[in-house]
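Undergrad: The structure that follows is given in the form of structure tokens.
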Amino acid sequence: MGGHRRHALTVQAGDEYLHLYAYKFEQWRTILYYALTICTLGIFRLILHWRQDWYVKVRATRCSHDIADHVNVIDEHGVEAFRPIRLHVAVNGILPVLPTGNGTMQEVDSIRYFTFRKLKYVWRSNVEAWIAPADLDGQIPLVHFHAVSETGKGLSEGDVARRHVTYGRNSIEVKLKPILVLLFMEAISPFYIFQVFSVSIWFSDNYEYYASVIVIMSVLSIAIDVYQTRSQEKKLRSMVQSSNEVQVLREQTVKTISSEDLVPGDIFLVPPHGGIMQCDAVLMNGTAIVNESMLTGESVPITKVALPAVSEDEENMRFCFDKHSKHILYCGTQVLQTRYYQGKLVKAIVLRTAYATLKGQLVRSIMYPKPIDFRFTKDLFKFVAFLFCIALFGFAYTITIMIQRGEPIHKIIVRSLDIITIVVPPALPAAMSVGIINSNLRLRKKEIFCISPSTINTCGAINVCCFDKTGTLTEDGLDFQTLRAVTPAREAEPPTFTEEMEKMTPDELPSKGELITAIATCHSLTKIDGELHGDPLDLILFNQTGWTLMESVDDEADSEVQLFDNIQPTVVRPPANLEGHPFNKEYSVIRQFTFSSSLQRMSVIVSNPRDDSSHDMTLYCKGSPEMIQTLCDPKSIPDDYQAQVNLYAQHGYRLIAVARKRLEMNYVKASKVPRNQVEYDLELLGLVVMENRVKPATLGVINQLNRAHIRTVMVTGDNLLTALSVARECGIIRPNKLAYLVEHSTDMVDHKGRPLPTLRQAVSSSGKTIEGEDSSDVSVEVGKRHYLESCYQLAISGPTFAVLVHEYPELLDKLVAVCDVFARMAPDQKQQLINYLQEINYTVAMCGDGANDCAALKAAHAGISLSDAEASIAAPFTSRIADIRCVPTVIREGRAALVTSFGVFKYMAGYSLTQFSSIMLLYWISSNLADFQYLYIDLFLITLVALFFGNTPASDCLSSTPPPTRLLSLASVTSVCGQLFIMAITQFYVFVSTTWQPWFIPYAVPAGDEEEDMRSMQGTALFCMTTLQYISLAIIYSKGEPYRKPMFFNPQLCIILLVLTTVSLYITLWPPGFVISFLEYDPIPYFENRLFLVMVALICAVISYLFQYGVVEFLILELREKWLRHRRIKDPQANHEKFERILFDFGQEPAWLHAYTRPQQSPNGKELAGLPQDQTTSV
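Numbers 1 to 1179, taken from UniProt numbering, label the letters of the sequence shown in order.
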């Protein structure tokens, strides 16, 4: 149904979907809203500010989108935003325009639109949908770009003015919110409103000193929060906001304008010496060398080439950002240099501007991060609600006893509300962030930078780590190992491989050493300031050839290539020592088809400028052995090709297949021909074998993670067998588990016509255990296991994974739970995998070098980019140390932060409940603690301790048991409630035993208008003993092992606790006169009685310690958890997580996959040969 009838619509914004609900304001609702706001002194509006859904229901009624004046936008994470719908009308006679999707613009009378997270969404009445104009600009037919470029007119000033109305200025502007707005928004958060409530109660009850301290602390806290917010805004603005002058074609003339005035459709000139791109643009002629490190984290220069010409059968092909990424200059990337020919500058057409650009999308992801879906946060609010329920009990208790005693109504109200401020500590939220702040500071010292500190706690729950291979697990560069050239077929002899050759010597190679020519020309290297730059693999191979690369041919006036504007000015020349050799020919690179992860290959078209015929050209192509095999003429491929490929791959070598094709075409055609018209019927030249060494730190880290029962997964774009070999070498594939390859057969189908998956057993790892690990570390024997693990491991390639995604979605959950090697994975498939792991309740970390892993890094719960940059937008974490040692470090710090948050919370909750029980007892005699007694407890014993609670560093090793991730677990609730019971019983005993003493003088309740005196012997006894109880709680909850180091590694906390213990003992045992006066003691006269209080507190501390470590830690967290783990292994219903249930049902053997590999009947009635259920094939 359309927008006329529908209240709800869905729109796609980038990778996520937005749910839009139409609303319209009504006058009577508006009057009621303002009346209630005024009558409640703003409280009604404040509540609606906290509850956005209530605000929408109060202010507006549902309607259809074509008449709505507001839209309630809800993203995939449930975050709401109530946005007004605005109207653009003609200004000064300039009508607004809307893109048609074909590259043209359509004038309209007005535009209805709303903005959400910096993007504009326009109402298209003809399709009754909200559409982002930038989305239409990404689907323009390719012929339109070429038509615009060839005319070279550019936009008129009228076109520019109209497009400015629709698209706005080309500026990624991070507006700084006014300080007063930041202060106000911070001050009206529930936490600070509760602070205002608490302080109001304390001032009305004459607790001026403590209330004043809380006011000062709150103001400082707000100021610090506002300062941090403003600093982050400034840092983000300085990082992303920039503009420069650009030369643009307007009305057939070149004008110099500010980049902020660019609009989609503008033709601009890319300067020859580069600069920072300020928009997304498609390159129309020439080439550009760019550095995309800000977006990807990888600083290797990348060559961008012009958008290829469109053939007749491709006239309807539309532009696609993913497919045509090699032709796009992205906003934020640095153009290092451009290549242009005989004064013809490099031109590009603006595609997207401002926040619609790729850089804009990444900036938006920082400004509006995905909410941390962590149960700890939800449990925190539930636990606070539990404390509030206890406070309500105290509230009722206080009202009851005070009414019975005939207390004044004012005192009843103040004291009953005071109980709520005691049970729910106002400083709780600030104390909870201590662990995260300290972990972040420690990570920075280890060269690991985090742009999203809230992610650190999530890292404590990580149970699966995904790794890219090249540059992450293995060295970034590869070592050249050997060549295997192909001797062409002769008459009756088929093509064969030569012997291994460790040097590139043309005399020893068939086909006049053309394999070396292909290696020397087929690459994406470029010279910047006279130095070669580019892909490390290309650099190594090119240097092996001994050839030289010349990029500028401008000095050679007689060069034939000067006659053609589109020729790439790149010439490669053989070594000088080959003078007079037939091999001694230089080649001009006419055309470059850049490497694509999805195509798994790159190609170049070259010619010899000295040849007599300018039409004799050669295409050289290199890529994955599987892809090149499909492109080659089968007659040129040796019979043992696949066997040789598998042989090298099994030993972990990386293989590159090289092929050629003779072409007969002129320069103009060569510069425009589509790659699919030349990349076929190739002739195989040979294989290049490269050694991909595992980084020294990799094996130790993988073993460390495996011992900690954190699953490790390899996700790579490399060959499946190579990936499997490297996975064995680094420990991802375990020696004590069977490994299987999951593949698919295109010529066999099941009864539904789906390609049939096949399962074959891979060669097992060497029998010896991986170095540095005992076989007992990974227990997989049934009955002896304490953790659910798969008894086998699977490996799969990207094409097979794509088949399972589309044809066998029912298998995906099982596959991602037991498959540990994913090879030949495209960047979007890596992201898919992360999402599938999250769907079965894994908490996922992804570690990559940032190049092809951006999407996966952002999708994971914790993305870690190995990059030189201090802060990469590609991931929450960036490690300057380029190996995976950062992964266990981040997990250890996450666990330390999580455990610290738990400990601080339990300490704050224990303190509140301990104080609650003592106040309940004092209320019984109509007394209370004195103002300075509260001040000593709350400021020194609690706030100071909580401040340094998180300074305890993370443990040096990963524990084999993960920390608890549920605050509302049996252990946490038992701990807090048990400590409350112990403390309350002890306090009750002291409270009563004090009355038994012969020197005891009962508290005299003030009568009438007599000034209230809080001094009482029972109050003094309780105060002296509870100060020691608070210290014992701090020691109990500051436990270190196994996730943090012992407490004595936190010297600040130890010193503070030592000083506080000394002071508390001093004011209890030997209180001097000024202390008695200052703390308003009713002193206990005899030393032995004061010593008795210390002994009771000591006994209480011992009981508390034994309860915490005997009952909570040993019985609940150790024995009960071990019993639960055993139960989960035997009873699938006991498994809470989806992946645990899958491992229980399918982790013993891959029988679930065998069922899909059985032979089926083909459509023509013949049985298709599948793999029998009980048969495996060794690879």
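Think of the CB as a built atom: it goes at the ideal place given N, C-alpha and C, for glycine as much as any other residue.
Can you tell me whether DSSP reads Ser238 as helix, strand or coil?
TA: In this structure, Ser238 counts as helix in the three-state DSSP scheme.
Undergrad: For His533, which of helix, strand or coil comes out of DSSP?
TA: Three-state DSSP puts His533 in a strand.
Undergrad: With distances taken between CB atoms, is the gap from Tyr1030 to Thr914 smaller than 9 angstroms?
TA: Against a cut-off of 9 angstroms, the Cβ pair of Thr914 and Tyr1030 comes out as a contact.
Undergrad: If you follow the beta strand (DSSP E) that Asp747 is in, where does it begin and where does it stop?
TA: From DSSP, the beta strand (DSSP E) with Asp747 extends over Leu738 to Val749.
Undergrad: Quick check on this structure: which residue in Pro799, Ile840 and Met825 has the alpha carbon closest to the alpha carbon of Ser818?
TA: Rather than Ser, the amino acid found at residue 818 in this sequence is Val. That would be Ile840, whose Cα lies nearest to the Cα of Val818.
Undergrad: Identify every run of the alpha helix (DSSP H) within the region 281-335, keeping only runs that are complete inside it and at least 4 residues long; order them along the chain.
TA: Segments of the alpha helix (DSSP H) lying fully in the region 281-335: 293-296.
Undergrad: Along the chain, which unbroken stretches of the alpha helix (DSSP H) at least 4 residues long are found entirely within the region 9-49?
TA: 27-39, all fully within the region 9-49.
Undergrad: So what does DSSP say about Ile390, is it helix, strand or coil?
TA: Note: Ile390 maps to helix in three-state DSSP.
Undergrad: Hey, which unbroken runs of the alpha helix (DSSP H) at 4 residues or more fall wholly within the region 614-672?
TA: As far as the region 614-672 is concerned, its whole alpha helix (DSSP H) runs of at least 4 residues are 625-631, 641-650 and 667-670.
Undergrad: Would you identify the three-state DSSP class for Ser867, choosing helix, strand or coil?
TA: Ser867 falls in the coil class under three-state DSSP.
Undergrad: According to DSSP, simplified to helix, strand and coil, what is Phe564?
TA: Any reading at Phe564 is ruled out, since the residue's pLDDT is 42, under 50, leaving its predicted position unreliable.
Undergrad: Please state whether DSSP places Trp1123 in a helix, a strand or coil.
TA: Note: Trp1123 maps to helix in three-state DSSP.
Undergrad: DSSP beta-bridge partners for Asn72?
TA: Answer by DSSP bridge pairing, in chain order: Tyr21 and Phe82.
Undergrad: Going by the beta-carbon positions, is the gap between Ala795 and Phe822 smaller than 9 angstroms?
TA: Contact: yes.
Undergrad: For Val678 versus Lys661, is the C-beta distance shorter than 9 angstroms?
TA: Yes, these two residues count as a Cβ contact at 9 angstroms.
Undergrad: For Glu1167 and Asp747, I'd like the C-alpha separation in whole angstroms.
TA: Its pLDDT being 39, under 50, Glu1167 is placed unreliably in this model, and the coordinates cannot settle the point.
Undergrad: What does the alpha-carbon distance come out to for the pair Leu9 and Lys118?
TA: Rounded to the nearest angstrom, the two C-alpha atoms are 20 angstroms apart.
Undergrad: Keeping to the same chain, check which residues put their C-beta closer than 6 angstroms to that of Ser918; ignore five residues upstream and five downstream.
TA: For Ser918, where only same-chain residues beyond five positions count, the Cβ hits under 6 angstroms are Gln987, Leu1022 and Thr1026.
Undergrad: Check for me: the beta strand (DSSP E) holding Leu483 runs from which residue to which?
TA: First-last of the beta strand (DSSP E) with Leu483: Asp479 to Thr487.
Undergrad: Looking at the unbroken beta strand (DSSP E) that takes in Arg51, where does it start and where does it end?
TA: Unbroken run through Arg51: none, as it is neither H nor E.
Undergrad: Apart from the five residues on each side of it in sequence, which residues of its chain come closer than 7 angstroms, Cβ to Cβ, to Val645?
TA: Result list for Val645: Pro625 and Leu655, in chain order.
Undergrad: Using a Cβ-Cβ cut-off of 7 angstroms (strictly less than) and excluding sequence neighbours within five positions of Lys469, which residues of its own chain qualify?
TA: Once the five neighbours on either side are set aside, the close Cβ partners of Lys469 are Met714, Thr716, Asp718, Ala723 and Val726.
Undergrad: Quick check on Tyr1156: buried or exposed, where buried means 16 or more other Cβ atoms within 10 Å of its Cβ?
TA: With 16 or more other Cβ atoms within 10 Å, it is buried.
Undergrad: Report the residue from Glu691, Leu1053 and Gly731 whose alpha carbon sits nearest the alpha carbon of Ile710.
TA: For the residues Glu691, Leu1053 and Gly731, the minimum Cα distance to Ile710 belongs to Gly731.
Undergrad: Are three or more beta carbon pairs between the region 330-338 and the region 205-216 nearer than 8 angstroms?
TA: Verdict: no, contact absent.
Undergrad: Output needed for Ala697: all residues of its chain with C-beta closer than 6 angstroms, excluding positions within five of it in sequence on either side, in chain order.
TA: Same-chain partners within the cutoff: Asp883 and Arg885.
Undergrad: Just to confirm my understanding: we take Ser912, look at its own chain, exclude 5 residues before and 5 after, and list those with CB closer than 8 angstroms. What are they?
TA: So the list reads Leu387, Ile422, Val423, Val424 and Pro425, once near-sequence residues are dropped.
Undergrad: Tell me Thr338's beta-bridge partners as DSSP assigns them.
TA: Thr338 pairs with Ala288.
Undergrad: Determine the direct distance from the alpha carbon of Asp1082 to that of Ser439, and round the result to whole angstroms.
TA: Going from the Cα of Ser439 to the Cα of Asp1082 covers about 45 angstroms.
Undergrad: Is the region 71-82 close to the region 47-61, with three or more CB pairs under 8 angstroms?
TA: Because the criterion of three Cβ pairs below 8 angstroms is met, the region 71-82 and the region 47-61 touch.
Undergrad: Is Lys153 helix, strand or coil by DSSP?
TA: Reduced to three states, the DSSP call for Lys153 is coil.
Undergrad: For Ser258, I'd like the list of residues in its chain whose CB is within less than 7 angstroms of its CB, leaving aside the five on either flank, ordered along the chain.
TA: Same-chain partners within the cutoff: Ser243 and Glu245.
Undergrad: Which residues mark the beginning and the end of the alpha helix (DSSP H) in which Ser797 is found?
TA: Segment Tyr792 to Ser797 is the beta strand (DSSP E) holding Ser797; no alpha helix (DSSP H) there.
Undergrad: Check Asp820 in the structure and name its three-state DSSP category.
TA: Note: Asp820 maps to strand in three-state DSSP.
Undergrad: Let me check one thing: in DSSP terms, what residues is Leu699 bridge-paired to?
TA: Partner(s): none; Leu699 has no beta bridge.
Undergrad: Output the distance between the C-alpha atoms of His410 and Leu922, rounded to the nearest integer angstrom.
TA: Rounded to whole angstroms, His410 to Leu922 spans 19 angstroms at the Cα level.
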